[in-house]
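Visitor: Take this structure, written in structure tokens, and hold onto it; I'll ask about it next.
Residue numbers (the numbering used here): 7 to 315.
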């Protein structure tokens, strides 16, 4: 009898252990399941919230999803191109000695926004490599196609005459190198610029895009007709001399707006003319400076029709 007792004891031990282990396993499994339950609930809540939001752009940060895509303040020069960090001292000297405090008879430019823009825009990026060393001298420079980039002072003077504001919409006739458009784009909201020479238009558009000017829009065409689908404009600037002011440009100038362009004989006497339109649409003109610009080509060179007078 004594020999059988150890076996019976072992059986009872096994039974007791089983009774203890099985509930323990159930408890562990239950605990694990409870720990995992919140995960799908949170995911479901996030999915539900996402259905009420517009899908984000690729690589867009969460906080950017709340920005208004129609906010034109987003279209600003980014100044990330290396050219903006080059020749800074030369630009500062150019502004001080040629524009802000010229040593000759020229009227100083005082608008702080214009002065800042002239210090920022890298003029050397808008001229050909052979002329880059002369980029900040007090002269116009050739850019090919029998055209030139205007003298820095003239660019600053004409920009100041427009009295641009941060919400201004500008039309430029004669893109050329794109330099004048870039200066205006540093101040204004949008710049629409037209160039009649296709090679210049393509080159300027490429340059402005590479430099980071999303608020400048270039079109190849005859500037005589303006850009009617984007009118009216708060400011219009012409960078080629015409014998007469194109009527479409006067029509596309907003009441209260300002225009400046050179008028006169193509290779003769010319004046910069400031044109204003009051709230009632009345046009006023004022000669402000004798100049010499390349001639405007295209429709403006045709004889003026009697019906246009």
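We put the beta carbon where it would ideally sit given N, CA and C, even for glycine.
1) Around the Cβ of residue 128, are there at least 16 other Cβ atoms within 10 angstroms (buried) or fewer (exposed)?
2) DSSP puts residue 155 in a beta bridge; with which residues?
3) State the DSSP-derived secondary structure class of residue 293, mapped to helix, strand or coil.
4) Identify whether residue 248 lies in helix, strand or coil by the three-state DSSP scheme.
5) Give me the DSSP bridge partner(s) of residue 116.
6) Rounded to the nearest angstrom, what separates residue 102 and residue 108 at their Cα positions?
7) Please name the residue in 168, 171, 173 and 208 whose C-alpha comes closest to that of residue 181.
8) Can residue 241 and residue 222 be called in contact, C-beta distance under 8 angstroms?
9) Hey, out of 274, 284 and 236, whose CA is closest to residue 261's CA?
10) Using a Cβ-Cβ cut-off of 6 angstroms (strictly less than) and excluding sequence neighbours within five positions of residue 176, which residues of its own chain qualify?
11) Taking the C-alpha atoms as reference points, what is the distance between residue 263 and residue 152?
12) Just to confirm the assignment, what range does the beta strand (DSSP E) spanning residue 265 have?
13) Could you check the C-alpha separation between residue 95 and residue 126 for me, to the nearest Å?
14) Would you mind working out which of 295, 309 and 253 sits nearest residue 160, comparing C-alpha positions?
15) Put residue 201 into one of helix, strand or coil per three-state DSSP.
16) Pick out whichever of 216, 219, 184 and 220 has its Cα sitting closest to the Cα of residue 206.
17) For the candidate residues 268, 255, 146 and 248, whose alpha-carbon lies nearest to that of residue 304?
18) Which word fits residue 217, buried or exposed, when buried means at least 16 other C-beta atoms lie within 10 angstroms of its C-beta?
19) In angstroms, rounded to a whole number, what distance separates the CA positions of residue 41 and residue 82?
20) What's the gap between the Cα of residue 288 and the Cα of residue 84?
21) For residue 230, which three-state DSSP category applies?
22) Considering only the beta carbon of each residue, do residue 98 and residue 213 sit closer than 8 angstroms?
23) Assign residue 193 to one of three DSSP states: helix, strand, or coil.
24) Would you kindly work out how many angstroms separate the C-alpha atoms of residue 232 and residue 123, rounded to a whole number?
25) Among 203, 250 and 308, whose alpha-carbon lies nearest the alpha-carbon of residue 227?
Guide: Looking at the coordinates:
1) buried
2) 147
3) strand
4) strand
5) Answer by DSSP bridge pairing: none, since residue 116 is not bridged.
6) 8 angstroms
7) 208
8) no
9) 284
10) 190, 194, 197 and 241
11) 31 angstroms
12) 259-270
13) 11 angstroms
14) 295
15) strand
16) 184
17) 248
18) buried
19) Bear in mind that the predicted position of residue 41 carries a pLDDT of just 44, short of 50, making it unreliable; the figure below should be weighed with that in mind. Distance between the alpha carbons of residue 41 and residue 82: 50 angstroms.
20) 38 angstroms
21) helix
22) no
23) coil
24) 25 angstroms
25) 203
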